[in-house]
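Please read the structure below before turning to the comments.
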Amino acid sequence: MSYRDTYQHSISNPVSFWQEKSELIHWFKKPETILSKNKEGLDCWYPDGELNTSYLALDYQLEQGRGKQTALIYDSPVTNTVQKYTYAELRDKVAVFAGALESLGVDKGDRVVLYMPMIPEAVIAMLACARLGAIHSVVFGGFAASELAVRIDDATPKVIVSASCGIEVSKIIAYKPLLDQAIDLASHKPNSCVIVQRPELECSLIEHRDHDWSILNATAKAKEPVPVLATDPLYILYTSGTTGKPKGVVRDNGGHAVAMRYSMEWVYGVKPGDVYWAASDVGWVVGHSYIVYAPLLTGCTTILYEGKPVNTPDAGAFWRVCADYGVKILFSAPTAFRAIRKEDPEAKLMQHYDLSKLERLYLAGERLDPPTYEWLKEKTRLPILDHWWQTETGWAIACNPVGEELMPVKPGSATMPTVGFDVQILNDRGEPAEPNEQGSVVVKLPMPPGCLPTVWNDTPRFKNAYLNIFDGYYLSGDGGYFDEEGYLFIMGRTDDVINVAGHRLSTGEMEEVVGSHEAVAECAVFGVADQLKGQVPLGLVLLKDGVIVDEEELEKDLIKLVREKIGPLACFQRAIVVERLPKTRSGKILRKTIRQIADGEEYSVPSTIDDPSILTDLEDRFSNLGMA
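Note that the working numbering has the sequence shown beginning at 478, numbered continuously upward.
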């Protein structure tokens, strides 16, 4: 079948389609009902099916003869450590830690918060929770105590699993003081904490509450997988909310397992035994879906990397990992490759490594700007595949369906909607947009398996945030358009659209133009207040390493470029060279915060920010320019 045939089948008859795909996984009890409504009127997949995700990721793989195959490779340039675990070894460690959690009173349905660095124990703890039918909630290691406290109060965990420290490029971050402070701040108090003592910085333990990971495991008994319903939650993952309170995205067990298993074939073209690397963090959805669950459910070798794309030790780090382990598929965020390009614009370090086994690069997490796409395409000579998805969906909403047919790439486009996602573009009146007309990107219900069934303990918030804006549709919060050939272009969050004298303009489109300049490594364009036009765009520009330019001349060049490519109505008249851009830890540029600083508005420091000091630098810069 062609892509269009398969896609149309998934949209016109989702029950038949997803019943067929449910055969990809082993059920303890096969579902008889494929899709139904729960008592709150929300869609749920495979409601009477029973399974266990940890069993599928580990025990089932042993039954298929993969016990001696490497399941997990831990590569840590910040500690100069490499560890490999076979499927048999990983299953045994997970079973024992599941027993350890059970000894602390953790049962099916209980929550366990994981506040962890990128170490094997993080993966083991996730799978151990799944083995018990407990619900894990991973909080990015190093998050501020106040933010961790909010998540503790929302998830009300019985146990928190953490480590003594996390390790960055040039510093060690003590986790235990942050954890203790968070528990002090939180109204809910966990019964127990389990701490992995790292030799780089050990910590003191609180008597009767804290347990040393190694000591606890030494006396624990291995635990068999506990059957759970397909609709039982596997995990809660918090994403930022407009009210300041994070939304707890819920992921179920059954739909998630089917979607993960199918996506590895259809989206990524991966088979059992392949080496797959998602260069992300287990604190993010990419880490959940494609470091831990999907690769292991498929019988692949997955890589857990504790390092950065640059400075550990250099901009060749990603290529070194690919060469060392024979990586077939590399998946990361565009910001990682922009950082690599900035430090090594000619990709000279890439030449030191044998990348003959690397077949494709996938990018997601933010828009893949065409200059980054073109650089990667030129330097790697590999297919560079953009795909678009969200924490809420858990897997790609749109992609280049390499498992079905590799389509011609259009730079700037995530290609076509993924099977099961009935993606549409609606204008402000809620009507279908014309080709090339930008609007709100929505998905017609029902969403396919793997997507969030609700928000933890807050169904009204789930409905108000995602379902009530356009009746019968899931609101993605992103803006974009389809071209005349049906290619989907995601132009950024709808709040990144600026209104210049009544014209709605995409900042993503302007960033594409500014980023195409040969001196520019990365940029951010956002709207600032203007008395005459309402808003006008302002560009912040990072230069490539070693590039020296006259900033006034560069600004003139960029103004001319935007005028030529978009037109004078864009009113792009200012570009400022900066040394750093404020980003989240996952690499997304904090455009709203930048705009608030430029407009002199009150702002709160986002909990996900990588380095808060950048905001102070921007305040000073804007103030010196007479803006803030």
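Glycine included, C-beta positions come from ideal geometry on N, C-alpha and C.
Residue i versus residue j: straight-line alpha-carbon distance, rounded
i, j, result
"Ser-493", "Asp-520", "16 Å"
"Ala-699", "Pro-597", "18 Å"
"Asn-694", "Cys-680", "18 Å"
"Ser-833", "Ala-1047", "44 Å"
"Ala-800", "Asn-941", "47 Å"
"Arg-568", "Pro-723", "33 Å"
"Thr-775", "Gln-901", "31 Å"
"Lys-1065", "Lys-1037", "27 Å"
"Phe-1174", "Asp-657", "For the chain, the structure presents residues 478 to 1105; residue 1174 sits outside this window and is missing."
"Glu-677", "Met-593", "15 Å"
"Glu-999", "Asp-1022", "11 Å"
"Thr-720", "Asp-631", "Low per-residue confidence applies at Thr-720: pLDDT is 47, beneath 50, and the placement is therefore not dependable enough to give any value."
"Gln-828", "Arg-1040", "38 Å"
"Leu-1092", "Ile-1074", "8 Å"
"Val-673", "Ser-639", "6 Å"
"Gln-485", "Val-896", "8 Å"
"Phe-814", "Met-1104", "32 Å"
"Tyr-522", "Gly-586", "One point to set straight first is that residue 522 is Trp, not Tyr, in the sequence displayed. One C-alpha to the other measures close to 19 Å."
"Ile-637", "Asn-730", "21 Å"
"Tyr-951", "Glu-497", "24 Å"
Check whether residue i and residue j have beta carbons under 8 Å apart
i, j, result
"Thr-971", "Gly-954", "yes"
"Thr-633", "Arg-588", "yes"
"Pro-894", "Ala-910", "no"
"Met-987", "Ile-1043", "yes"
"Asp-863", "Leu-845", "yes"
"Thr-892", "Tyr-964", "yes"
"Gly-880", "Trp-743", "yes"
"Trp-872", "Trp-865", "no"
"Cys-777", "Val-804", "no"
"Arg-837", "Ile-806", "yes"
"Pro-937", "Thr-708", "no"
For residue i, the three-state DSSP class (helix, strand or coil)
i, result
"Thr-563", "strand"
"Pro-710", "strand"
"Leu-922", "coil"
"Ser-493", "helix"
"Thr-720", "With a pLDDT of 47 at Thr-720, under the threshold of 50, the modelled position of this residue cannot be trusted, and the question is left open."
"Arg-1051", "coil"
"Lys-1037", "helix"
"Asp-631", "helix"
"Gly-957", "strand"
"Pro-597", "helix"
"Glu-999", "strand"
"Arg-906", "coil"
"Ser-479", "coil"
"His-685", "coil"
"Leu-1102", "coil"
"Asp-1097", "helix"
"Leu-1046", "helix"
"Ile-650", "strand"
"Gly-992", "helix"
"Ile-692", "helix"
"Arg-1057", "coil"
"Ile-660", "helix"
"Ile-511", "coil"
"Leu-929", "coil"
"Pro-937", "helix"
"His-733", "helix"
"Tyr-484", "helix"
"Cys-680", "coil"
Cβ of residue i within 8 Å of any chain B Cβ
i, result
"Glu-851", "Annotation note: the requested chain B is absent from the structure, which comprises a single protein chain."
Supposed contact pair residue j and residue i - C-beta distance, whole angstroms, cut 8 Å
i, j, result
"Met-737", "Gly-907", "Not quite, the Cβ-Cβ distance comes to about 33 Å (not below 8 Å), so this is no contact."
"Pro-491", "Pro-878", "No, Pro-491 and Pro-878 are not in contact; Cβ-Cβ is about 17 Å, not under 8 Å."
"Phe-574", "Ser-1084", "With 8 Å as the limit, Phe-574 and Ser-1084 do not qualify as a contact, their Cβ atoms being about 28 Å apart."
"Ala-659", "Ala-622", "4 Å"
"Val-1106", "Met-603", "Residue coverage of the chain in this structure runs from 478 to 1105, which leaves residue 1106 outside it and unanswerable."
"Ala-565", "Leu-581", "Not really, about 26 Å apart at Cβ, beyond 8 Å."
"Gly-949", "Gly-916", "Not confirmed; about 16 Å, so no contact."
"Leu-706", "His-733", "Not quite, the Cβ-Cβ distance comes to about 13 Å (not below 8 Å), so this is no contact."
"Val-555", "Ile-644", "4 Å"
"Leu-853", "Arg-728", "Between Arg-728 and Leu-853 the Cβ distance is about 30 Å, and since that is not below 8 Å, they are no contact."
"Ile-601", "Lys-635", "About 18 Å separates the two Cβ atoms, so there is no contact after all."
Whole beta strand (DSSP E) elements within the stretch 823-902, 3-residue minimum: Correct list: 837-840 and 861-863.
What are the start and end residues of each continuous alpha helix (DSSP H) run of 4 or more residues lying completely inside the stretch 1060-1092, in chain order? Note on the stretch 1060-1092: whole alpha helix (DSSP H) runs with a minimum of 4 residues are 1068-1075, in chain order.
Residue ranges of each beta strand (DSSP E) within the stretch 748-829, 3 or longer: As far as the stretch 748-829 is concerned, its whole beta strand (DSSP E) runs of at least 3 residues are 752-755, 778-782 and 806-809.
Length at least 4, wholly inside the stretch 516-590: the alpha helix (DSSP H) runs in chain order: For the stretch 516-590, whole alpha helix (DSSP H) runs of length 4 or above, ordered along the chain, are 537-540 and 564-580.
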